[in-house]
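For the sequence shown, this note's numbering puts the final residue at 467, and the numbers step up evenly by one. No residue lacks a Cβ here, since even glycine has one placed at the ideal position from N, Cα and C. The structure displayed is predicted, hence computed values, not measured ones.
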Amino acid sequence: MNPMTKSRIASHWGVNAEGEVECALCPRNCRLKPGQFGFCGVRGNVNNEQHTFNYGCAVPVTFEAIETEAVYHFRPGAKTLCVGNIGCMLECDFCQNWETSQVKYLDWRNIKHYMPEDIVELAVLNDAGIISWTYDDPVVWHEFVLDTARLASKMGIKNLYKSSLYIEIQPLKELIEVIDIFSISLKSMSSAFYRRYTKGRLAPVLDAIKELARHRDRHIELSQLVVTGLNDDGTDARNTANWVIRNLGSQIPLHFVGFHPAYKYTQAKRTSLDKLLELKNIAVTEGIEYSYIGNVYEKDVSDSYCKSCGNKLVERFGLSSNVLGLDQKGQCLKCGKKSPVIEPFHSLDSVSNDTKETGFFKPVQDFFFKWNDKVNGVHIASEESHSESIKIQVQRLPDNQLEYLKLNRCPGRIIVTKRAENEVGVKISMDTKKKFSIIPLLDRAHFPVRQEPEAVKSNGMGGMGTG
Ligand code: SF4
1 MNPMTKSRIA SHWGVNAEGE VECALCPRNC RLKPGQFGFC GVRGNVNNEQ HTFNYGCAVP
61 VTFEAIETEA VYHFRPGAKT LCVGNIGCML ECDFCQNWET SQVKYLDWRN IKHYMPEDIV
121 ELAVLNDAGI ISWTYDDPVV WHEFVLDTAR LASKMGIKNL YKSSLYIEIQ PLKELIEVID
181 IFSISLKSMS SAFYRRYTKG RLAPVLDAIK ELARHRDRHI ELSQLVVTGL NDDGTDARNT
241 ANWVIRNLGS QIPLHFVGFH PAYKYTQAKR TSLDKLLELK NIAVTEGIEY SYIGNVYEKD
301 VSDSYCKSCG NKLVERFGLS SNVLGLDQKG QCLKCGKKSP VIEPFHSLDS VSNDTKETGF
361 FKPVQDFFFK WNDKVNGVHI ASEESHSESI KIQVQRLPDN QLEYLKLNRC PGRIIVTKRA
421 ENEVGVKISM DTKKKFSIIP LLDRAHFPVR QEPEAVKSNG MGGMGTG
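Put into structure tokens, the structure is as follows:
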């Protein structure tokens with residue numbers, strides 16, 4: 001760990017008969033002698049007390065759409081303040097965020113320090129009605145998540161927890177009290193898969209999901225990262241669908257999400273569209289009512305339809321959504337049947353569909369970015385502190401539609417993704433000289449730590465970059 005990082009006493013631990021500190025946060029139950037860190041690298045024994053070393057340590061906050069979190073049935077398109085920690089209690093060979101989840105690879109220059117009040121204030125100032133605990137698994141951030149989520153809840157902000165739920169039941173119960181939306185990543189239904197590729201165990205994950213399912217007022221969606229050659233032969237899709245139907249019910253959305261080669265699993269290809277559609281069809285055949293595919297930028301593959309009359313309720317493309325066939329109460333406009341989509345029109349502030357700019361916009365700097373077969377989204381990253389509101393204009397090419405975004409009082413990021421089949425790229429302009437960068441995004445809930453050279457910076461209002 002960075003020696004400059006201050007620690008504070010952790011929750012959920014005890015001292016065992018051998019005098020070691022024994023952690024009770026995740027089912028790994030690390031036993032630690034003084035000076036030792038747990039498997040996650042962010043909790044350790046300090047003078048025979050367990051301390052957390054990552055309280056408030058986060059990657060820069062990012063504003064994204066709720067669809068980033070594999071949540072399709074809660075406030076479609078809602079602007080979400082995404083907050084990601086460091087460290088993880090698992091070590092998946094194919095980890096999509098390994099540069100921050102595995103502390104040994106961490107570049108501390110990418111890390112910021114926040115207090116709970118900072119996060120809530122940023123959400124309020126930027127009209128984000130949901131705080132999402134995401135990117136790296138938030139389990140090992142338990143104290144900071146709880147402190148912030150409780151504060152956010154008092155301010156009327158919802159909390160979304162995206163996790164593989166490798167957690168003990170007692171801390172999970174604390175989360176259930178304050179988290180509104182759970183997006184659970186169930187990696188496989190095979191114990192051997194968990195042991196070999198995640199360094200964890202399947203049984204505690206299933207126990208935690210069953211405990212969560214007892215609380216029917218919490219919104220739950222499940223996703224499975226489809227890793228080429230590891231869990232994509234249909235067995236996992238079938239077993240997962242059947243387990244979900246038996247334990248959670250057929251109405252729980254089940255997402256199959258494409259993977260990109262990463263960390264120790266780079267020899268495989270990205271998941272193909274055909275494979276994702278095949279697994280989705282298996283889940284639907286088994287009886288799952290709402291199955292979706294993710295990390296795909298295609299039309300007509302992840303829309304929601306009314307189960308009663310077939311009316312299209314929500315249309316999606318990539319991470320964008322458009323509510324078409326629902327009324328304010330979430331009922332089908334054609335037949336009146338109640339849909340499972342919660343608060344479809346709650347969020348007037350989506351990340352990037354404000355097409356009206358009030359006032360004069362004077363671009364000071366602009367970037368061009370061309371979409372390609374791997375990259376269909378970018379983070380616009382503000383790297384300097386600022387106290388004013390920065391306006392960002394997004395021009396979608398070649399149709400030249402304009403959208404306007406704002407970043408109020410923070411160094412942070414905003415996502416922009418491809419929104420239509422014919423879109424070839426974007427021109428992004430800011431009304432400030434403050435330093436910005438455009439960082440390519442490989443997939444959803446991926447937190448890129450580096451700027452790659454694809455973005456072309458222009459001083460004026462020139463043509464499309466060569467990418
Ligand atoms: S949270 Fe960290 S220290 Fe605690 S048991 Fe899990 S891996 Fe070990």
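| query | result |
| --- | --- |
| Secondary structure of A469, DSSP reduced to three states | This structure does not reach residue 469, given that the chain is present from 1 up to 467, and the question cannot be answered. |
| Beta carbon nearer than 6 Å to a non-hydrogen atom of the ligand SF4 | C23, L25, C26, R28, N29, C30, G38, F39, C40, R43, M89 and V140 |
| Helix, strand or coil at S132 [DSSP, three-state] | strand |
| Sub-8 Å separation of N85 and P138 beta-carbons | yes |
| Buried versus exposed call for M430 [16 or more other C-beta atoms within 10 Å across all chains shown] | buried |
| Distance between A10 and Q170 (C-alpha atoms, nearest Å) | 14 Å |
| Where the alpha helix (DSSP H) containing Q170 begins and where it ends | I169 to V178 |
| Candidates P448, I220, G200 and L122, of which the one nearest P27 by Cα | G200 |
| Cβ contact check for the segment 427–443 and the segment 371–384: 3 or more pairs under 8 Å | yes |
| Backbone CA spacing between K275 and G38 [nearest angstrom] | 37 Å |
| Beta-ladder partner(s) of H255, from DSSP | S223 and Y292 |
| The segment 408–427 in contact with the segment 383–396 per 3-pair CB rule at 8 Å | yes |
| Distance CB(V341)-CB(V364) smaller than 8 Å | no |
| Where D366 sits in the DSSP three-state scheme | strand |
| Assigned secondary structure, T266 (DSSP; H/G/I helix, E/B strand, else coil) | coil |
| Outcome for E143 when other beta-carbon atoms lying within 10 angstroms are tallied against a minimum of 16 | buried |
| Own chain, CB closer than 7 Å to N97, minus 5 neighbours either side, in chain order | Y135, D136, H446 and F447 |
| From I392, V449 and K158, residue whose alpha carbon lies closest to that of V178 | K158 |
| Rounded distance between the beta-carbons of L122 and V61, thought under 8 Å | 6 Å |
| Contact set for V449: own chain, Cβ-Cβ below 8 Å, skip 5 residues either direction | V59, E99, T100, D107 and N110 |
| Span separating the alpha-carbon of M461 from that of F368 | Reliability of the predicted coordinates at M461 is poor, the pLDDT of 37 falling under 50, and the value obtained from them is presented with this limitation in mind. Going by the C-alpha atoms only, they are around 10 Å apart. |
| For E67, three-class secondary structure by DSSP | helix |
| Beta-carbon proximity check, A237 vs L279, cutoff 8 Å | yes |
| Local conformation of F53 per DSSP, three classes | coil |
| 7 Å Cβ shell around E421 - same chain, five flanking residues per side excluded | K299 |
| Same chain only: Cβ atoms within 6 Å of S188, ignoring 5 sequence neighbours per side | N231 and D236 |
| P34 (DSSP reduced to helix, strand or coil) | coil |
| Residue(s) in a DSSP beta bridge with R43 | T52 |
| Distance between V227 and R270 (C-alpha atoms, nearest Å) | 8 Å |
| Supposed contact pair C23 and N29 - C-beta distance, whole angstroms, cut 8 Å | 6 Å |
| Where H215 falls, given that 16 or more other Cβ within 10 Å makes a residue buried | exposed |
| Opening and closing residue of the alpha helix (DSSP H) in which L206 lies | L202 to A213 |
| Pick from C309, E64, F317 and T285 that is closest to S293, judged by C-alpha positions | As written in the sequence, residue 293 is Ile, which differs from the Ser given in the question. Nearest of C309, E64, F317 and T285 to I293, Cα basis: F317. |
| C-alpha gap between G77 and N45, whole angstroms | 43 Å |
| Euclidean distance between Cα positions of N48 and E20 | 7 Å |
| Per-residue burial, R419 [other beta carbons within 10 Å of its own, 16 or more giving buried] | buried |
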